[in-house]
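Below you'll find the structure, written out as structure tokens, and then a few comments.
2 protein chains.
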Amino acid sequence: MASEVGKGRVTAAVLIIGDEILSGRTQDTNLRDIAKYLAVHGVDLAEARTVPDVHEEIIAALDALRTRYDYVITTGGIGPTHDDITADAVAAAFGVELYEHPDIIDLIEARVRSRPGLEMNAAMRRMARVPVGGDLVRNPVSGPPGFTIGNVFTLAGVPSIMRGMLEDVGHRLRGGAVTVSRTVRVEGSGESVIAAPLEAVAKAHPAMSLGSYPFFDGSLYGSNLVLRGRDPDELSATIIELVYALKSAGIETVREIDAP
Amino acid sequence: MASEVGKGRVTAAVLIIGDEILSGRTQDTNLRDIAKYLAVHGVDLAEARTVPDVHEEIIAALDALRTRYDYVITTGGIGPTHDDITADAVAAAFGVELYEHPDIIDLIEARVRSRPGLEMNAAMRRMARVPVGGDLVRNPVSGPPGFTIGNVFTLAGVPSIMRGMLEDVGHRLRGGAVTVSRTVRVEGSGESVIAAPLEAVAKAHPAMSLGSYPFFDGSLYGSNLVLRGRDPDELSATIIELVYALKSAGIETVREIDAP
């Protein structure tokens, strides 16, 4: 893996938030995914903690970790229900207020408009709350984004969404090697159809990281294929090969959604 | 979020020791197994930490956890190699020496005798080391036992062996009341619709723990609502109220999936 660059080892901690992990109901897999992702970016995962959905516990763990390590990544507790209190705890730890981010409100409104009979409600508005001074972390999968403030990144707990959000974290890390990321969007085809061409291209380009992030927004389904690597030229070539392989497999609707 | 009933909640923490977890090379599954095991014994898993194979880090985490919770269960780092330093760290935390336990030496000798060409070596002897004042934790699977000292149980990291050792832990725990769990399944409605009725019922029953766990299996979506508490009668009443509240909110497909 990469690489202590210059003087310093760059370190991170993961804070897993959720009663469902501590009760044994849910098997956490985010820790492993984050560890691997950080390694690619030259960041060492130094510690992990799992705490319940309790305001004071989240703040105490967050403060212990964010003062000791370069970065903290939290997972879980950013949904619409009353036990989703991560945003409140992060804001309290940084001593700032929460506000409804207009971009997230716009996202939710667009979604609501697309489904007859659905109306914006208080639960949905909860998911638009971001600490003052924070930035958004893009969510390429479904639903509202995560956010970052200071050295803390607050991501979803659902593994597929968490992995998608991670793609918008790496480029902000003072890490080892810098990676470039581009996204190919497939609509109307499921992962079972995408898997074979994706795997073939992945095998031909071992230096590239290829991830598939399926989405379903209530009517439209498909997958965002995120490609990441250190060499922009190989990345461009890989994108072209992947689109060709997908089309050859009979997948019609393929397009790049964040071309440079 | 859940809520302590009566006088005595009994709490535990898990300390996962191992670079292989923090590097992402190994997927931990012990936390979930321990959580489920403790729940059956009426002990709440209140926190978990994962630390690297570093003497001072293990001691610091162990001291933080063993002073705060009724029990600590450690996993990992009790094998024969140089990076297996859990026994050293536990002994140091309790301020005692390690000694070679005669029962474990006997076990290893019996094993060595049964395999021609094998000889007792220093690596094997490492696994016989137990803190002075500690007791053994039986290993019904393979290899040497774990140990316990004070309120700490030190178990293997290999999942099958860890689960076997756990069976010799439960009867030593001063357990609280056993909690009962039941699940209501909602299909075809998302969390944004479920949130309000769920929250209303949660507020009316602070002694119950209510969690919402959304699912999407490719075509069907919805959420499993898990209710947990110590009083089976209140749990039954809460289930009825919740189903009524969900139906009143216009949610059609609601049913209990693990009725007693």
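Quick note, the sequences are listed as chains A and B, same order.
Note that this note's numbering gives residue 208 to position 208 of the first sequence, counting from 1, and the numbers run on in steps of one.
Note that this note's numbering gives residue 1215 to position 215 of the second sequence, counting from 1, and the numbers run on in steps of one.
In this text, a Cβ means the ideal position worked out from N, Cα and C, and glycines have one as well.
Burial state of residue i, where buried means 16 or more other Cβ atoms lie within 10 Å
i               : result
L220 (chain A)  : exposed
D985 (chain B)  : The structure shown does not extend to residue 985 (chain B), since chain B spans only 1001 to 1260, so no value can be given for it.
I1021 (chain B) : buried
D44 (chain A)   : buried
H205 (chain A)  : buried
H1055 (chain B) : exposed
T74 (chain A)   : buried
G79 (chain A)   : buried
Y244 (chain A)  : exposed
H171 (chain A)  : exposed
L1118 (chain B) : exposed
G133 (chain A)  : exposed
H82 (chain A)   : buried
S114 (chain A)  : exposed
E1097 (chain B) : exposed
A1087 (chain B) : buried
Local conformation of residue i per DSSP, three classes
i               : result
Y1213 (chain B) : strand
T1075 (chain B) : strand
N1139 (chain B) : coil
T81 (chain A)   : coil
S192 (chain A)  : helix
E1109 (chain B) : helix
S199 (chain A)  : A small fix is needed here, since residue 199 (chain A) is Glu in this sequence, not Ser. Residue state, collapsed to three classes: helix.
Within chain B, the residues that residue i reaches when beta carbons sit closer than 7 Å
i              : result
M162 (chain A) : Here the premise fails: no neighbours, minimum Cβ distance about 14 Å.
G79 (chain A)  : E1191
V51 (chain A)  : E1047
Cβ shell of residue i (< 6 Å), same chain only, five flanking positions each side left out
i               : result
R49 (chain A)   : L15, A61
G1006 (chain B) : Model confidence at G1006 (chain B) stands at a pLDDT of 38, short of 50, so the residue's coordinates are unreliable; what they give is reported in the following sentence. The answer is none, since no qualifying residue turns up.
E241 (chain A)  : V201
L1166 (chain B) : Y1037
E1047 (chain B) : A1013
L1173 (chain B) : H1041, V1043
R66 (chain A)   : V72, N151, V152
I1034 (chain B) : V1014, I1073
Closer than 9 Å at the beta carbon, the chain A residues around residue i
i               : result
A1093 (chain B) : The contacting residues do not exist; A1093 (chain B) stays about 17 Å from chain A at best.
S1189 (chain B) : Those within 9 Å of S1189 (chain B) in chain A number zero; the least Cβ separation is about 11 Å.
A1123 (chain B) : Within chain A, no residue comes near A1123 (chain B); the closest Cβ sits about 28 Å away, beyond 9 Å.
V1137 (chain B) : Neighbours of V1137 (chain B) on chain A: none; closest Cβ ~20 Å, over 9 Å.
V1226 (chain B) : E20, S23, R25
A1089 (chain B) : Near A1089 (chain B) there are no residues of chain A at all, since even the closest Cβ is about 15 Å away, more than 9 Å.
A1249 (chain B) : Near A1249 (chain B) there are no residues of chain A at all, since even the closest Cβ is about 11 Å away, more than 9 Å.
Other residues of its chain near residue i: CB distance less than 8 Å, five sequence neighbours each side excluded
i               : result
I1108 (chain B) : M1120, M1124, R1125, M1127, A1128, P1144
V1137 (chain B) : P1145, G1146, F1147, T1148, F1153, T1154, L1155, M1165, D1168, V1169
D63 (chain A)   : A93
Contacts around residue i, its chain only, beta-carbon distance under 7 Å, and the 5 residues preceding and following it disregarded
i               : result
V1226 (chain B) : S1181, T1183, G1211, Y1213
V186 (chain A)  : I194, G222, S223, L225, L246, I251, T253, V254
A249 (chain A)  : V193, A196, P197
F94 (chain A)   : P131, I149, G150
I1039 (chain B) : A quick correction: the sequence has Ala, not Ile, at residue 1039 (chain B). Contacts found: T1179.
L235 (chain A)  : V180, R182, M208, L227, G229
A89 (chain A)   : H55, I58, I59, L62
V1112 (chain B) : L1118, E1119, M1120
L1031 (chain B) : V1014, I1016, A1048
P232 (chain A)  : V180
S160 (chain A)  : V141, Y213, P214
Interface residues of chain B facing residue i [CB-CB closer than 8 Å]
i              : result
T238 (chain A) : Per Cβ cutoff of 8 Å: no residues; T238 (chain A) is ~23 Å from chain B at best.
Distance cut-off 7 Å: residue i Cβ against heavy atoms of the ligand FAD
i               : result
I1239 (chain B) : Although the ligand FAD was asked about, the structure shown includes no ligands whatsoever.
Within chain A, partners of residue i - CB distance below 7 Å
i               : result
R1032 (chain B) : G24, Q27
A1202 (chain B) : H82
A1333 (chain B) : The shown model of chain B, from 1001 to 1260, leaves out residue 1333 (chain B), and the question about it has no answer.
Proximal residues of chain B, C-beta to C-beta of residue i below 9 Å
i             : result
A35 (chain A) : I1021, L1022, S1023, G1024, R1025
A39 (chain A) : S1023, G1024
Proximal chain A residues relative to residue i, where beta-carbon distance stays under 8 Å
i               : result
V1043 (chain B) : Simply none; closest approach about 11 Å.
L1198 (chain B) : T81, H82
F1216 (chain B) : F216
A1060 (chain B) : Chain A residues near A1060 (chain B): none, gap ~10 Å exceeds 8 Å.
A1245 (chain B) : Near A1245 (chain B) there are no residues of chain A at all, since even the closest Cβ is about 13 Å away, more than 8 Å.
Query raised in the report: Which ranges would you report for the beta strand (DSSP E) in the segment 1129 to 1190 of chain B if only whole runs of at least 3 residues count?
Result: 1129 to 1131, 1135 to 1137, 1146 to 1149, 1152 to 1155, 1180 to 1187
Query raised in the report: Can you give, in chain order, each stretch of the beta strand (DSSP E) that sits fully within the segment 10 to 95 of chain A and has at least 3 residues?
Result: Fully enclosed beta strand (DSSP E) runs of 3 or longer: 11 to 17, 44 to 51, 71 to 75.
**Report entry** Length at least 3, wholly inside the segment 1208 to 1257 of chain B: the beta strand (DSSP E) runs in chain order
**Finding:** Taking 3 residues as the minimum length, the beta strand (DSSP E) runs contained wholly in the segment 1208 to 1257 of chain B are 1209 to 1216, 1221 to 1229, 1253 to 1256, in order along the chain.
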